[in-house]
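To keep things clear, I will list the structure first and then write my remarks on it.
In my numbering, the protein residues as written are 5 to 129.
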């Protein structure tokens with residue numbers, strides 16, 4: 005039986021700045037609107053690790069106390085500040101040893117997937 009968790013969230017520039025301060029990743033594509041305006045994205049975009057942090061929270065809803073074994077993610081499109089995003093985690097398989105979940109972040113305005121991946125989690129015993 006597939007289990008699923010979703011969350012809609014819109015990050016602000018202040019969120020990107022706070023994550024940069026905590027993580028030490030102050031790449032200008034995330035924190036400098038003037039710099040970012042001159043890039044192909046046209047504005048600041050979310051840190052991949054920030055997106056993964058929200059996805060990890062959804063995994064925790066599905067597998068409380070689970071220990072993450074592996075995660076793989078790709079970022080085919082940007083997640084800009086001020087854009088509504090839908091975060092989704094859904095089980096795709098379960099064995100006695102671990103649970104595999106599909107991870108997706110989608111921009112709600114245009115349906116573009118901005119993050120896609122998979123994680124394996126060992127359930128708490």
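C-beta atoms are modelled at their ideal positions from N, C-alpha and C, and glycine is treated no differently.
Only counting the same chain, and skipping five residues up and downstream in sequence, which positions put a Cβ closer than 8 Å to that of residue i?
i, result
"residue 39", "32, 33"
"residue 12", "88, 89, 90, 91, 112"
"residue 48", "17, 20, 33, 34, 35, 36, 37, 40, 84, 85"
"residue 68", "128"
For residue i, which of helix, strand or coil comes out of DSSP?
i, result
"residue 38", "helix"
"residue 23", "helix"
"residue 32", "helix"
"residue 53", "helix"
"residue 67", "coil"
"residue 90", "strand"
"residue 18", "helix"
Which residues in the same chain have their Cβ closer than 6 Å to the Cβ of residue i, if we skip the five residues on either side of it in sequence?
i, result
"residue 58", "91"
Less than 7 Å between C-beta atoms, sequence neighbours within five positions excluded: which residues of the same chain meet that for residue i?
i, result
"residue 126", "70, 71, 73, 101, 102"
"residue 9", "62, 65, 66, 93"
"residue 43", "33"
I need the straight-line Cα distance from residue i to residue j, nearest angstrom please.
i, j, result
"residue 52", "residue 79", "7 Å"
"residue 77", "residue 14", "20 Å"
"residue 97", "residue 122", "11 Å"
"residue 119", "residue 82", "8 Å"
"residue 22", "residue 55", "14 Å"
"residue 29", "residue 110", "23 Å"
"residue 106", "residue 7", "11 Å"
"residue 50", "residue 115", "17 Å"
"residue 124", "residue 104", "4 Å"
"residue 60", "residue 108", "11 Å"
"residue 45", "residue 75", "26 Å"
"residue 26", "residue 117", "26 Å"
Output yes if chain C places a C-beta closer than 7 Å to the C-beta of residue i; else output no.
i, result
"residue 27", "The structure shown contains no chain C; it holds only a single protein chain."
From the DSSP output, read off the bridge partner residues of residue i.
i, result
"residue 119", "109"
"residue 97", "104"
"residue 3", "There is simply no residue 3 to check, as the chain begins at 5 and stops at 129 in what is shown."
"residue 83", "Residue 83 is not bridged to any residue."
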